[in-house]
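There are 2 protein chains.
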Amino acid sequence: MIAEACSTPLVTEPLTDLEAAGLAHVFKALADPVRLRLFSLIASFEGGQACVCDLTPYFDVSQPTISHHLKVLREAGLVDSERRGTWIHYRVRSEALGRLSLLLAPTVTVAG
Amino acid sequence: MIAEACSTPLVTEPLTDLEAAGLAHVFKALADPVRLRLFSLIASFEGGQACVCDLTPYFDVSQPTISHHLKVLREAGLVDSERRGTWIHYRVRSEALGRLSLLLAPTVTVAG
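So the sequence lines, in the order shown, correspond to chains A and B.
Per our numbering: the first sequence = residues 644 to 755.
Per our numbering: the second sequence = residues 644 to 755.
If you want it as structure tokens, here you go:
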């Protein structure tokens, strides 16, 4: 989980073992082309959310495979899910993305 | 490589196959606790650079293992390396980190 990782930029001070383990888990979720495409595809749908039925047509893999990848993204805290009738809807967690973006921000060196 | 991946935020429009593959490669490099600790450790050294000899004491793994992890970070474009005498020195590539940070930035929804 990103919340269990750390909140200061990666380059500010050395990560602890615990922070590194939490963060590696999040990056592992993003370290797959299908999951990355899924993630950016969900975000590009209206309202930043989509159901599995919206996503499947964009991929050559089966629906259970898509569902598995979505589960990995959810377990890493990158998307939220909500069941509506037959389908599960997924939403990109902007706050998690924001934390990750901040974490990777390079520090600014002030001269003088 | 980050440069081969993409320059617009992940949530702005769906990634292409090529962009997703390039980006997954970079995240894979970061998806390891030892590499993450190495990366943040290098950044925290004076001048944002360190030699393998500086880094090894912080880890329980062998120097060849550290060197292997550094090679993965270098191949992903996250660090630069330069040989000085016996040792190879590593430097965090702030520009690559900045691109990655921008890529993960959530889009701002403007009301009205």
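No residue lacks a Cβ here, since even glycine has one placed at the ideal position from N, Cα and C.
Query, Result
"Distance between G691 (chain B) and I685 (chain B) (C-alpha atoms, nearest Å)", "6 angstroms"
"A783 (chain B) and F670 (chain A) closer than 9 angstroms at C-beta", "What is shown of chain B runs 644 to 755, which leaves residue 783 (chain B) out entirely."
"Burial state of T659 (chain A) (16 or more Cβ within 10 Å)", "exposed"
"Chain A contact for T750 (chain B) (CB, 9 angstroms cutoff)", "yes"
"Close Cβ partners of V753 (chain B) (< 6 angstroms) along its chain, the five nearest in sequence each way excluded", "Here the model assigns V753 (chain B) a pLDDT of 45, short of 50, so the residue's position is not dependable, and the following value carries that caveat. If we look at V753 (chain B) and ignore the five residues flanking it on each side, it has no Cβ neighbours."
"Closer than 8 angstroms: K714 (chain A) CB and nearest the ligand HEM heavy atom", "Because no ligand of any kind appears in the structure shown, any question about the ligand HEM cannot be addressed here."
"Own chain, CB closer than 7 angstroms to L653 (chain A), minus 5 neighbours either side, in chain order", "L746 and L747"
"Nearest-angstrom Cα separation, counted from E656 (chain B) out to A663 (chain B)", "12 angstroms"
"Cβ of R678 (chain B) within 9 angstroms of any chain A Cβ", "yes"
"Entirely enclosed alpha helix (DSSP H) segments - the stretch 677 to 706 of chain B, minimum 4 residues", "695 to 698"
"Counted within 10 angstroms of its Cβ, other Cβ atoms place P700 (chain B) as buried (16 or more) or exposed", "exposed"
"Cβ of L740 (chain B) within 9 angstroms of any chain A Cβ", "yes"
"Inter-residue CB distance, H712 (chain A) and L681 (chain A) (contact presumed, cutoff 8 angstroms)", "6 angstroms"
"Residues bridged to E725 (chain A) (per DSSP)", "A:H732"
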